[in-house]
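> Protein chains in written order, with this note's numbering: chain A, 12 to 171; chain B, 12 to 171; chain C, 745 to 1161; chain D, 745 to 1161.
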Amino acid sequence: MSTEELYQEIIMDHAGKPRNFVEMAEPDAKVEAENPMCGDELTLFLRASADGLRIEKTQFTGQACAICTASASLLTTKIKSLPIGEAESLSQAFQEMLKIPAEESAEGSAERLGNLQVLEGVRKFPMRMKCATLAWHALDHAVVQLREKGASEKLTFSDG
Amino acid sequence: MSTEELYQEIIMDHAGKPRNFVEMAEPDAKVEAENPMCGDELTLFLRASADGLRIEKTQFTGQACAICTASASLLTTKIKSLPIGEAESLSQAFQEMLKIPAEESAEGSAERLGNLQVLEGVRKFPMRMKCATLAWHALDHAVVQLREKGASEKLTFSDG
Amino acid sequence: MQSNQAKPFSAYQLREDFPALAQSVNGVPLVYLDSAATSQKPRSVIQSICRYYENDNANVHRGVHALSERATAAYENARGRAAKFFGAEAQEIVFTRGATEGVNLLANTLKKRVLGEGKTILLTEMEHHSNIVPWQMVAQETGAVIRYIPVVPETGMLDEDEAKRLFAGGVAIFSCTHISNTLGTVNPVQSLCAWAREAGAVSIIDAAQSAGHRKVDVREIGCDFLVCSGHKMCGPMGVGVLYGEGSLLQDLPPWQGGGEMISRVTYEGSTWNKAPHKFEAGTPNVEGAIGLHAAMDYLDAVGREEIRLHDALLVREAMGVLSSFPGVRIFGPVDESGEHAGVVSFALPGIHAHDVVTLADSHGIALRGGHHCNQPLMKKLGVPATARASFYFYNTEEDVEALRCSVEKIMRMFSKL
Amino acid sequence: MQSNQAKPFSAYQLREDFPALAQSVNGVPLVYLDSAATSQKPRSVIQSICRYYENDNANVHRGVHALSERATAAYENARGRAAKFFGAEAQEIVFTRGATEGVNLLANTLKKRVLGEGKTILLTEMEHHSNIVPWQMVAQETGAVIRYIPVVPETGMLDEDEAKRLFAGGVAIFSCTHISNTLGTVNPVQSLCAWAREAGAVSIIDAAQSAGHRKVDVREIGCDFLVCSGHKMCGPMGVGVLYGEGSLLQDLPPWQGGGEMISRVTYEGSTWNKAPHKFEAGTPNVEGAIGLHAAMDYLDAVGREEIRLHDALLVREAMGVLSSFPGVRIFGPVDESGEHAGVVSFALPGIHAHDVVTLADSHGIALRGGHHCNQPLMKKLGVPATARASFYFYNTEEDVEALRCSVEKIMRMFSKL
Ligand SMILES: Cc1ncc(COP(=O)(O)O)c(C=O)c1O
Ligand SMILES: Cc1ncc(COP(=O)(O)O)c(C=O)c1O
């Protein structure tokens, strides 16, 4: 895949018009994540359903590159109203996709990932990996917060 | 010159049977010199003439390699009864000989150096230079002592 | 040379000496605009390394056999060459791993001589992390305080009035970059060192960005210490130079302990060798010194003043090209008020630097994007990161044109958003 | 392999891989018996360096463009390779300049964690200066005391009873060489580290002489830290490895400050990256890591156990040859009571080591003469210096024969005295 293909329309679309890109008042979970190496910064907000079992709403804000912004935007659309456990396993599947060639990945993961697969091309750009995963790392922590009814967190993902 | 030529008879002779190799009681100058890098250690003793203008006697002791021992032994035979200033300039001429090719050296220095020229071959062995010059460095300091009627000294000549 | 025109040396011809420049990446010819991160190496440097390992490789100083004598002579010749390169004496030259190690050595030895509670370390806001963090560490240890000469964001230059005021407040150590790796600013190091001297401060110049790009003479600059990295001046990685003025260097305590740097060791305690050996503990990077020797020969053959002028020519063209795009922000000195070295940072409107760099890479262009090891300056400039193009004598006007095409394509892609 | 016979790999064939071995010095073929000082480099290592500079040279970690990605991948692959070589994990491997820098890093970081007034640093009497001097420096700074496990002069081995007694007295840091570069002694590092663990001490192994000569597995040894130098194991100069056990390494404070080792820098203060990057300030020696990678591949292809056996075979022959001359003194383990690595120090009767080495050089033989960076041990052995022959897999029985001839000539020359 060429780099310009990586920046394909769906990514440019989400990067240019990120979905759910607004601060959430009184979230159930809030994670600020930054990658000081490249300057990406975002904050992820989650609202749980009344029964606490599903993710009702996801929003984010921040300043980041196209890959990071698109990945976060896609995330918010994909995990909406998912059971917490499924959001977690989707995150895992997504992060695996960036490590393992498609043909080696678990069966059915392609369907599950859907349009998240547009980010697969990042695998060829190890230095951009953290851009693609930053929102998902934040999600992993936010989910733990939901479960533990924890406070908000500030995370720094550095090189290494 | 081959290395075995460097170790020519005159050096082997002085190294095997060093001249004036005995401690001096109540010397007018005494310098202990060592080169910790190779383990050479020697002590040089000078006695001045009654008028203080000449070097009456020179002796040395120590434990050192053949080059160092021979150089010290030759030194004691060469500077015997020299005026202090001449001993100094001989030391300078000797040290120069180890740095500058013979054809470039000052006129007349060859005659002055005499059999000290057997050590010229050390020039090809930069790492052994300090072995050949240790006694002469000690002499330079001992002469200053004679002039200043100073106390004995302990010197360390290290790498560099 | 009085004229501001580059002497007609041919970058096209010099490029031929650099095997790495003759490749394609992503199916297009490589345009290497990242020499401020590390320079490419001429064949003569690569060959000097091979020749060393194929013929003379041995440990130095302690050996008497032929190979060891050759290796020692080559290593010490490299020291002499570096001394000549910087207008110093051989015993004033310490080989380090690079500029970063040089600053760490200075911070950790000078702290014992001149730092203490309330003493001032004066830096500038445009320092590379390697000229900030070591000072923060020793400041914390000693109770010294760090002050920064401000950068004027509009011009990318130091605020000289503020600098004078800060010197007047008392300074123990002054450490400053010669050329900013982010802004391209060329600092007035001669005046700054004079002010430091008046203030009784020890002065240190970080020549990482200048040593390979212009004449750097320590006596002319008037600094007490200077550091640089071989890999940014056509030399190999893992070697750098620390210059220290004769008696000042001699008076510093040692930093690392080990072989070479000692005179006499007993189980109870040790005494030190003389400078520069006192500061070179352990087996040195002989290969690195030899490669750097070849690099300095190469740079002097090209001509350091010619390199400076060629850098300036290309950077001026690049700034012209970049500023022709609407909304592009260019950092550092932009007009004739300040000299702009061959490094230019820029931001395309609404496009993150990492996207710029990834897309430029797909066009064969090697740029750097990020904070350039100067996070606090980024904050001051109000950007998360910049894209940076840096030029060297092997770059050509075609490279600038390639940059223009690439920026145009990137702008067009993002304009559809 | 159970047998004590070297597997029939051919040193004659392996020699062909080493360009430097195919030369004459002083008109006679070179016999290189100084691998304990630095090893020669196989063609594959030299080529890996050239290839790097001709194709992939770039600064690492911070770059997004193709060359930088390749350089970063190659650098991090080398880290992974080193981890595999030593039985560790990649994040436990720090690249240093060499063993000396490794010890300095440990001394200067561990001092903040475990040293203080009256704390004990336990070394042995056979340590290299680089494993003595850094400890003396931090002992002086912290008020810690240094104790030494004695060497039994007759056998060249550590006094184990005394070692146990010393451990029982309380030890904060234990640092010990795996193989003595002077005596050839192979220390029982596994037991020593177990005793250190029982005593609650941090254990450090100096593997400078062992890493390229036998299998060295950090989990088997049970050490907390281990250091070595690339140049003694067929790798380039200017690179070495520091291993640190996962959480112990992670918990150490940083030592040098600069790029790469930080997470977030502000003008007011900074936070650190994770290990191993926390300990690699500045541009690393990428070339060195890549060359070391090639060296480790080469060593594993030869077979580390085979190297150990070949070393042992040659050293046994050499000891036999040397002891056939009257009055020759051989240091280190001589009989079956202790393993003798491929390093043998000796003294010819009434002949200074430097004369031996200069004369051997004239016969084409590269020996080392001096204190071998172990002055206090020399004093204990009662000699100003020794001559040393050290063997590697590219040495042959002919080399031992050449040594015999040379010693014979030297003895004859001096017998005329
Ligand atoms: C046992 C031992 N430790 C440490 C060192 C120091 O290694 P380097 O000089 O490569 O730092 C050496 C080699 O000189 C050695 O033999
Ligand atoms: C201005 C400046 N100082 C210091 C450094 C650090 O150099 P190194 O990483 O080679 O130690 C750099 C390069 O990264 C630099 O640009």
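Ideal placement from N, C-alpha and C gives every residue a C-beta, glycine not left out.
1. Measure the alpha-carbon distance for B/Pro29 versus B/Asn46 and round it to whole angstroms.
2. Ligand 2: which residues have Cβ under 5 Å from any of its heavy atoms, chain order?
3. Output needed in chain order: residues of the segment 19-50 of chain A with a Cβ under 9 Å from some Cβ in chain D.
4. Three or more beta-carbon pairs under 8 Å between the segment 981-993 of chain C and the segment 1018-1036 of chain D, yes or no?
5. At a cut-off of 7 Å, is D/Cys1117 close to ligand 1 when judged by its beta-carbon and the heavy atoms of the ligand?
6. When every heavy atom of ligand 1 is checked, does at least one fall within less than 7 Å of the C-beta of D/Leu1001?
7. Quick one: which unbroken alpha helix (DSSP H) runs of 4-plus residues sit fully inside the segment 879-965 of chain C? Chain order, please.
8. Take A/Phe56 and list the residues in its own chain whose beta-carbon comes closer than 6 Å to its own, dropping the five residues that flank it on each side.
9. Less than 7 Å between the CB of D/Ala780 and some heavy atom of ligand 1, yes or no?
10. Ends of the alpha helix (DSSP H) at C/Ser991?
11. What residues from chain B crowd round D/Ser1159, counting only those whose CB sits closer than 8 Å?
12. For the beta strand (DSSP E) containing D/Leu765, name the first residue and the last one.
13. Can you tell me the Cα-Cα spacing of C/Leu902 and C/Arg909, whole angstroms?
14. Go to C/Val971, then tell me how far its beta strand (DSSP E) extends in each direction, as first and last residue.
15. Taking the alpha-carbon positions, what's the A/Arg158 to D/Val1009 distance?
16. Taking 8 Å as the threshold (C-beta atoms), are D/Ser1068 and D/Ile1074 in contact?
17. Where does B/Phe71 sit, in a helix, a strand or coil, going by DSSP?
18. Could you give the first and the last residue of the continuous beta strand (DSSP E) run that contains B/Arg139?
19. Quick check: C/Leu1111 and A/Thr14, are their CB atoms within less than 8 Å of each other?
20. Please classify C/Ala1039: does DSSP put it in a helix, a strand, or coil?
21. Can you find a C-beta in chain C that's less than 8 Å from the C-beta of D/Ala810?
22. Please name the residues in the segment 972-990 of chain C whose beta-carbon is closer than 8 Å to at least one beta-carbon of chain D, in chain order.
23. Can you pull the chain C neighbours of A/Thr14, defined as C-beta to C-beta under 8 Å?
24. Just tell me which of B/Glu67, B/Ile66, B/Leu109 and B/Gly96 has its CA closest to the CA of B/Leu145.
25. Would you say A/Arg139 faces chain C, with C-beta separation under 8 Å as the test?
26. CA-CA distance, C/Met1122 and C/Ala1129?
27. What's the gap between the Cα of D/Gly1126 and the Cα of B/Ala77?
28. Could you check if B/His148 belongs to the surroundings of ligand 1, using beta carbon to heavy atom distance under 7 Å?
29. Using only CA atoms, which one of C/Leu849, C/Asp1055 and C/Glu1152 lies nearest to C/Ser779?
30. From the DSSP output, read off the bridge partner residues of C/Arg1008.
31. Suppose the cutoff is 8 Å on Cβ atoms and the five residues either side in sequence are ignored; what does the same chain contact list for D/Ala755 look like?
32. When you compare the CB of A/Gln70 with every CB in chain C, is at least one pair closer than 8 Å?
33. Rounded to a whole number of angstroms, what is the C-alpha to C-alpha distance between D/Val1078 and D/Met1063?
34. Taking C-beta to C-beta, are B/Leu24 and B/Cys142 nearer than 8 Å?
35. Is C/His1021 near ligand 4, with its Cβ less than 7 Å from a heavy atom?
36. Any beta carbon from chain A within less than 8 Å of D/Ala1062's own beta carbon?
The structure says:
1. Within the second sequence, numbered from 1, the residue matching residue 29 of chain B stands at position 18. Within the second sequence, numbered from 1, the residue matching residue 46 of chain B stands at position 35. One C-alpha to the other measures close to 19 Å.
2. A residue is listed when its beta-carbon falls short of 5 Å from at least one non-hydrogen atom of ligand 2; in chain order these are C/Gly842, C/Ala843, C/Thr844, C/His872, C/Ser874, C/Thr921, C/Asn925, C/Asp950, C/Ala952, C/Gln953, C/Ser973, D/Gly1026 and D/Thr1027.
3. Residues passing the 9 Å Cβ filter: Glu45, Pro47, Met48 and Cys49.
4. Segments in contact, yes.
5. As a position in the fourth sequence, residue 1117 of chain D is number 373, starting the count at 1. For D/Cys1117, the shortest C-beta to heavy atom distance toward ligand 1 is below 7 Å.
6. Within the fourth sequence, residue 1001 of chain D is the residue found at index 257, counting from 1. Checking the sequence shown, residue 1001 of chain D turns out to be Gly, not Leu. Checking every heavy atom of ligand 1 against the Cβ of D/Gly1001, none is found closer than 7 Å.
7. The qualifying runs are 904-912, 933-942 and 962-965.
8. In the first sequence, counting from the first residue as 1, residue 56 of chain A sits at position 45. Excluding positions up to five away in sequence, the list reads Met35, Pro38, Lys41 and Gln70.
9. Here residue 780 of chain D corresponds to residue number 36 of the fourth sequence, with the count starting at 1. D/Ala780: yes, Cβ under 7 Å from ligand 1.
10. Start at 1 with the first residue of the third sequence, and residue 991 of chain C comes out as number 247. For C/Ser991, the enclosing alpha helix (DSSP H) has its first and last residue at Gly990 to Asp995.
11. Position 415 of the fourth sequence, counted from the start, is the residue given in the question as residue 1159 of chain D. Those within 8 Å of D/Ser1159 in chain B number zero; the least Cβ separation is about 10 Å.
12. The count along the fourth sequence starts at 1 and reaches residue 765 of chain D at position 21. Element bounds for D/Leu765: n/a, residue is neither H nor E.
13. Stepping through the third sequence from its first residue, residue 902 of chain C is reached at position 158. Stepping through the third sequence from its first residue, residue 909 of chain C is reached at position 165. Going by the C-alpha atoms only, they are around 13 Å apart.
14. As a working mapping, residue 971 of chain C is identified with position 227 in the third sequence. Unbroken beta strand (DSSP E) run through C/Val971: Phe969 to Ser973.
15. What you label residue 158 of chain A is simply residue 147 of the first sequence in a count that begins at 1. What you label residue 1009 of chain D is simply residue 265 of the fourth sequence in a count that begins at 1. For A/Arg158 and D/Val1009, the distance between alpha carbons rounds to 33 Å.
16. As a position in the fourth sequence, residue 1074 of chain D is number 330, starting the count at 1. As a position in the fourth sequence, residue 1068 of chain D is number 324, starting the count at 1. It is not a contact, given that the beta carbons lie outside the stated cut-off.
17. The sequence position of residue 71 of chain B within the second sequence is 60, counting from 1. DSSP places B/Phe71 in strand when its eight states are reduced to three.
18. Stepping through the second sequence from its first residue, residue 139 of chain B is reached at position 128. Premise fails: B/Arg139 is in no beta strand (DSSP E) and is neither H nor E.
19. The sequence position of residue 1111 of chain C within the third sequence is 367, counting from 1. The sequence position of residue 14 of chain A within the first sequence is 3, counting from 1. No Cβ-Cβ contact shorter than 8 Å links C/Leu1111 with A/Thr14.
20. Taking the first residue of the third sequence as 1, we reach residue 1039 of chain C at position 295. Three-state result, C/Ala1039: helix.
21. As a working note, residue 810 of chain D is residue 66 in the fourth sequence. D/Ala810 counts as touching chain C.
22. Against chain D - using a Cβ distance shorter than 8 Å - the residues of the segment 972-990 of chain C are Ser973, His975, Pro980, Met981, Gly982 and Val983.
23. Here the question's residue 14 of chain A lines up with position 3 in the first sequence. Close partners of A/Thr14 in chain C (Cβ separation under 8 Å): Asn770, Thr1102, Leu1103, Asp1105 and Ser1106.
24. If you number the second sequence from 1, residue 145 of chain B lands on position 134. Of B/Glu67, B/Ile66, B/Leu109 and B/Gly96, the residue nearest in Cα terms is B/Leu109.
25. Translated into positions along the first sequence, residue 139 of chain A becomes position 128. Chain C, which has a Cβ nearer than 8 Å to the Cβ of A/Arg139, makes this yes.
26. Taking the first residue of the third sequence as position 1, residue 1122 of chain C is located at position 378. Taking the first residue of the third sequence as position 1, residue 1129 of chain C is located at position 385. Going by the C-alpha atoms only, they are around 6 Å apart.
27. Taking the first residue of the fourth sequence as 1, we reach residue 1126 of chain D at position 382. Taking the first residue of the second sequence as 1, we reach residue 77 of chain B at position 66. Between D/Gly1126 and B/Ala77, the C-alpha separation is close to 19 Å.
28. Position 137 of the second sequence, counted from the first residue, corresponds to residue 148 of chain B. Outside the cutoff, so no.
29. Position 35 of the third sequence, counted from the first residue, corresponds to residue 779 of chain C. The shortest C-alpha to C-alpha distance from C/Ser779 to any of C/Leu849, C/Asp1055 and C/Glu1152 is the one to C/Asp1055.
30. What you label residue 1008 of chain C is simply residue 264 of the third sequence in a count that begins at 1. In DSSP, C/Arg1008 forms a bridge with C/Thr1015.
31. Here residue 755 of chain D corresponds to residue number 11 of the fourth sequence, with the count starting at 1. Excluding the 5 residues flanking it on each side, D/Ala755 has same chain C-beta neighbours closer than 8 Å at His1054, Phe1137, Tyr1138, Asn1139 and Thr1140, in chain order.
32. As a first step, residue 70 of chain A is located in the first sequence; it is residue number 59 there, counting from the start. Not closer than 8 Å to any Cβ of chain C, the Cβ of A/Gln70 fails to qualify, so no.
33. Counting from 1 along the fourth sequence, the entry for residue 1078 of chain D is found at position 334. Counting from 1 along the fourth sequence, the entry for residue 1063 of chain D is found at position 319. D/Val1078 and D/Met1063 have their alpha carbons spaced roughly 8 Å apart.
34. Translated into the one-based positions of the second sequence, residue 24 of chain B becomes position 13. Translated into the one-based positions of the second sequence, residue 142 of chain B becomes position 131. Leu is not the amino acid found at residue 24 of chain B; the sequence shown has Asp there. In this structure, B/Cys142 does not lie closer than 8 Å to B/Asp24 by Cβ.
35. No copy of ligand 4 appears in this structure; the ligands present are ligand 1 and ligand 2.
36. Counting from one through the fourth sequence, the residue named residue 1062 of chain D turns up at place 318. Judged by the 8 Å Cβ criterion, D/Ala1062 is not in contact with chain A.
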